[in-house]
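Chains A and U supply the protein sequences, listed in that same order.
Numbering follows our numbering, with no gaps: position 118 of the first sequence is 118.
Here our numbering = 1-based position in the second sequence + 1000.
There are 2 protein chains.
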Amino acid sequence: MASIRDVAKLAGVSPATVSRVMNGTVNVDDDKKEKVLRAIRETGFRPNELARALYKKSSRIIGVIVPNIENPFFNELARAVEEEAYRNRYKILLCNSNDNTEKEFMNIQMLAQMKADGIIIVTNSDNTGQVIADCQLPVVVVDRRLTNSGQTAYVESDHYKGGQMAVSHLIECGCRNIVFLRGPLWLSSGLWRYRGYQEICSKYGMQERWIDCQYDYEDGLRAARELITQYPDTDGIIASNDMVAIATYKILSGQGYRVPEDVQIIGFDNIRFSWLFTPELTTVIQPIMDMGALAVQIIMKHRQGLPFQKENILDVSLVERQTTKRKG
Amino acid sequence: MASIRDVAKLAGVSPATVSRVMNGTVNVDDDKKEKVLRAIRETGFRPNELARALYKKSSRIIGVIVPNIENPFFNELARAVEEEAYRNRYKILLCNSNDNTEKEFMNIQMLAQMKADGIIIVTNSDNTGQVIADCQLPVVVVDRRLTNSGQTAYVESDHYKGGQMAVSHLIECGCRNIVFLRGPLWLSSGLWRYRGYQEICSKYGMQERWIDCQYDYEDGLRAARELITQYPDTDGIIASNDMVAIATYKILSGQGYRVPEDVQIIGFDNIRFSWLFTPELTTVIQPIMDMGALAVQIIMKHRQGLPFQKENILDVSLVERQTTKRKG
DNA sequence: CCGTCCTCTGAAACGCGTTTCAGAACTGAA
DNA sequence: TTCAGTTCTGAAACGCGTTTCAGAGGACGG
Chain A
1 MASIRDVAKL
11 AGVSPATVSR
21 VMNGTVNVDD
31 DKKEKVLRAI
41 RETGFRPNEL
51 ARALYKKSSR
61 IIGVIVPNIE
71 NPFFNELARA
81 VEEEAYRNRY
91 KILLCNSNDN
101 TEKEFMNIQM
111 LAQMKADGII
121 IVTNSDNTGQ
131 VIADCQLPVV
141 VVDRRLTNSG
151 QTAYVESDHY
161 KGGQMAVSHL
171 IECGCRNIVF
181 LRGPLWLSSG
191 LWRYRGYQEI
201 CSKYGMQERW
211 IDCQYDYEDG
221 LRAARELITQ
231 YPDTDGIIAS
241 NDMVAIATYK
251 ILSGQGYRVP
261 EDVQIIGFDN
271 IRFSWLFTPE
281 LTTVIQPIMD
291 MGALAVQIIM
301 KHRQGLPFQK
311 ENILDVSLVE
321 RQTTKRKG
Chain U
1001 MASIRDVAKL
1011 AGVSPATVSR
1021 VMNGTVNVDD
1031 DKKEKVLRAI
1041 RETGFRPNEL
1051 ARALYKKSSR
1061 IIGVIVPNIE
1071 NPFFNELARA
1081 VEEEAYRNRY
1091 KILLCNSNDN
1101 TEKEFMNIQM
1111 LAQMKADGII
1121 IVTNSDNTGQ
1131 VIADCQLPVV
1141 VVDRRLTNSG
1151 QTAYVESDHY
1161 KGGQMAVSHL
1171 IECGCRNIVF
1181 LRGPLWLSSG
1191 LWRYRGYQEI
1201 CSKYGMQERW
1211 IDCQYDYEDG
1221 LRAARELITQ
1231 YPDTDGIIAS
1241 NDMVAIATYK
1251 ILSGQGYRVP
1261 EDVQIIGFDN
1271 IRFSWLFTPE
1281 LTTVIQPIMD
1291 MGALAVQIIM
1301 KHRQGLPFQK
1311 ENILDVSLVE
1321 RQTTKRKG
């Protein structure tokens, strides 16, 4: 593999001049520029990005740490980040944390050693907040708001409004006995959706009914089973997210309930599967693409020393599909 | 950020000695070793991976290029690769090619410049085969077999057997009018599944019935609609993959067909959604985890100069779930 | 024609961990 | 006691693109 010195020799100039031609940083005499370009073409020279990054102390790598790439939500997020990154000539180093604080820590460490330009992370652990603060890198927390990391930027969607919209919609659809499959309260998404739900309940004088439920399919199955025995007269369910909505549907339909005739279901996230599923899920849309793009932009601004918003709460909306139905 | 020279100064030794202590490459006097370790602890020194990689000409990065991370199959594959890579202290640089040869090319180029240790790629283009051959990096093609790249290693599953199993199973389940949603013949998966299908058809003297269908959901919808009008008496469908099976189910159930009572469906891949879906999909299992792990292992062996198998065809199996049903 | 200023260019230093090479210090055999 | 053989260590070179700095050459006002 040709190096810049090989090219320089061939073109009869110094390595510095080759570098200047490649980067267009300084004017170079047309004649020499021509020679350099020809030499580059002849040797097929491609600069070694490691050498460049070593000097510049920046590798144009953005680290993405998610609990699990297989989870559709995270994986759509990763996709969004990748797209925006590629557009800006950044690369994505993808890390799975498995919700393991230890592995998260290792990954952050590794990214720092790789001189990553920033980290986009979905973490549950407030401890990680500390590590983040220490690692000297621009970090954006996505879909979470850490309690003890005043400095760290975050991007999430308006869960409070989302919670409100979900209940309101079920009420509009004629549901009277609504159960809220409540996501984890130690996550801002779980907490604020719940608060939104409470707000509407009290506004309508409706009694709260909820079952705690993690964000994964398996726990969705469990919660749905529990729901059927505990609240057999339920006619509306707010699932903690789309995966749980899908699990709930499976249990319900297995028990002979018809959706939406007997029970209506609404999810959160609007993952791709929410509309590939049969029936298509009514859900609260999180702007995943926007969240990913914004996270990348924040890191870039951070790098360039430009000002940026630390707290980013993106708007949500609701899409009515086949698991809910307005009367009349 | 402390450098190795800072540590050396603090410990009163040379940088070389610090390096030796860190890597354990050469014996170092216990006394000095102790001093070095203490200095490392005090400074919080972490070696700059870029500098290390620059010298070693290897960054312990494995590039993964897939057409689309959002596709469940690729994303489970990426997950598998990440896991095996992490176990071996490799990192994953994830690239989306969008089935765009140009972008694929750019990504390969970039990975070469980053001194990646290898590339794991899912590509459709035989042109890319040429680029791969030129890029000087260990490359493993997954889920594909390129026609013109005799040198490149590949890992795929036994599509031929898979095709046979799928038809055989439907026949065992009593289907008489089976339609094969045939994947693209320019991909080995499409071609060999089809050949397996043909083999069994001719064995049973059954007439071939197929409709061409890409591997994505949208084309699955289209093909399923076509299927209903073209072959209204169909009682068994082999979908080109699980996504298409899911699309097919949607169209069928929308038309009032019951699955599996009226029509049975079998998919390929066994993506996670195949069993989260309602009804759970009968499908031919591709060992995605194994494929990912094997691909990583091949790259490692390649790097270490160890011998490895160029052609890897992994066994498939069939899982019976709710979209097919044996009679009696 | 002279001094000043600007433009272009190359040598050398830089970033930083690793490895080579030669010398120092010590062990052990003769 | 001496020579050979080990073991440990540091200086310097390496990998390679970028940047700094100073010098060379030319332009231009006076």
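Cβ atoms here follow ideal geometry from the backbone N, Cα and C, with glycine treated the same way.
Between phenylalanine 1073 of chain U and aspartate 1269 of chain U, the C-beta spacing is below 8 Å. Per the Cβ contact rule, the stretch 1288–1301 of chain U is not in contact with the stretch 1160–1177 of chain U (fewer than 3 Cβ pairs under 8 Å).
Distance from the CA of histidine 169 of chain A to the CA of arginine 176 of chain A, rounded to the nearest whole angstrom, comes to 12 Å.
Isoleucine 1246 of chain U belongs to the set of residues whose beta carbon lies under 8 Å from a beta carbon in chain A. Among the residues of the stretch 35–54 of chain A, those with a Cβ less than 8 Å away from any Cβ of chain U are Arg46, Pro47, Asn48, Glu49, Leu50, Ala51, Ala53, Leu54, in the order of the chain.
Along the stretch 1052–1080 of chain U, the positions whose C-beta sits under 7 Å from a C-beta of chain A are Ala1053, Leu1054, Ser1059, Ile1069, Glu1070, Asn1075, Glu1076, Ala1078, Arg1079, read in chain order. Under DSSP, leucine 314 of chain A forms a beta bridge with A:Ser157.
Assigned with DSSP and collapsed to three states, isoleucine 4 of chain A falls in helix. It is roughly 10 Å from the alpha-carbon of alanine 293 of chain A to the alpha-carbon of alanine 78 of chain A. The three-state secondary structure of phenylalanine 273 of chain A, taken from DSSP, is helix. Using a Cβ-Cβ cut-off of 8 Å, asparagine 1096 of chain U counts as an interface residue toward chain A, since at least one Cβ of chain A sits closer than that to its own. Look at valine 1026 of chain U here: in three-state DSSP terms it is coil, with no helix or strand label.
For a Cβ distance threshold of 9 Å, residue set Thr278 of chain A lies close to tyrosine 1249 of chain U, ordered along the chain.
At a cut-off of 8 Å between beta carbons, arginine 87 of chain A makes no contact with chain U. Bounds of the alpha helix (DSSP H) holding glycine 1254 of chain U are 1242–1254.
For the stretch 1280–1312 of chain U, the set of residues with a beta-carbon nearer than 9 Å to any beta-carbon of chain A comprises Glu1280, in chain order.
Between the stretch 263–277 of chain A and the stretch 1232–1240 of chain U there are fewer than three inter-stretch CB-CB distances shorter than 8 Å, so the stretches are not counted as touching. For valine 81 of chain A, no beta strand (DSSP E) run applies; the uninterrupted alpha helix (DSSP H) run containing it begins and ends at 72–87, by DSSP. Uninterrupted beta strand (DSSP E) stretches at least 3 residues long and entirely within the stretch 123–148 of chain A occur at 139–142, given in chain order.
With fewer than 16 neighbouring CB atoms inside 10 Å of its own CB, alanine 1016 of chain U falls in the exposed class.
Secondary structure at arginine 1182 of chain U: strand, using DSSP grouped into helix, strand and coil. Among the bridge pairs identified by DSSP, aspartate 1212 of chain U is matched with U:Arg1182. Between the alpha carbons of tyrosine 1055 of chain U and glycine 12 of chain A lies a gap of roughly 27 Å. In this structure, the straight-line span from the alpha carbon of glycine 1150 of chain U to that of cysteine 1173 of chain U is close to 41 Å. When 8 Å is used as the limit between beta carbons, glutamate 1102 of chain U is near no residue of chain A, the shortest such separation being about 12 Å. The beta carbons of arginine 1272 of chain U and glutamate 1082 of chain U sit about 15 Å from each other, so the pair does not count as a contact at 8 Å.
A distance below 8 Å separates the beta carbons of isoleucine 1211 of chain U and leucine 1227 of chain U.
Contact between the stretch 89–98 of chain A and the stretch 57–65 of chain A is present: three or more C-beta pairs spanning the two stretches fall below 8 Å.
The bridge partners DSSP lists for threonine 283 of chain A are A:Gly267, A:Val319. By DSSP's assignment, cysteine 95 of chain A forms a beta bridge with A:Ile65.
What arginine 272 of chain A touches in chain U, judged by beta-carbon distance under 7 Å, is Glu1070, going in chain order.
With a cutoff of 8 Å on beta-carbon distance, valine 1131 of chain U and isoleucine 1298 of chain U are scored as not near each other.
For the options U:Tyr1215, U:Ala1245, U:Phe1277, U:Gly1254, the alpha carbon positioned closest to that of serine 253 of chain A is the one of U:Phe1277. For the stretch 1207–1235 of chain U, residues whose beta-carbon sits nearer than 8 Å to a beta-carbon of chain A comprise Tyr1217.
The alpha-carbon of proline 260 of chain A is positioned some 39 Å away from that of aspartate 126 of chain A.
Counting every other CB atom within 10 Å of its CB across the protein chains shown gives leucine 1050 of chain U a total of 16 or more, marking it as buried.
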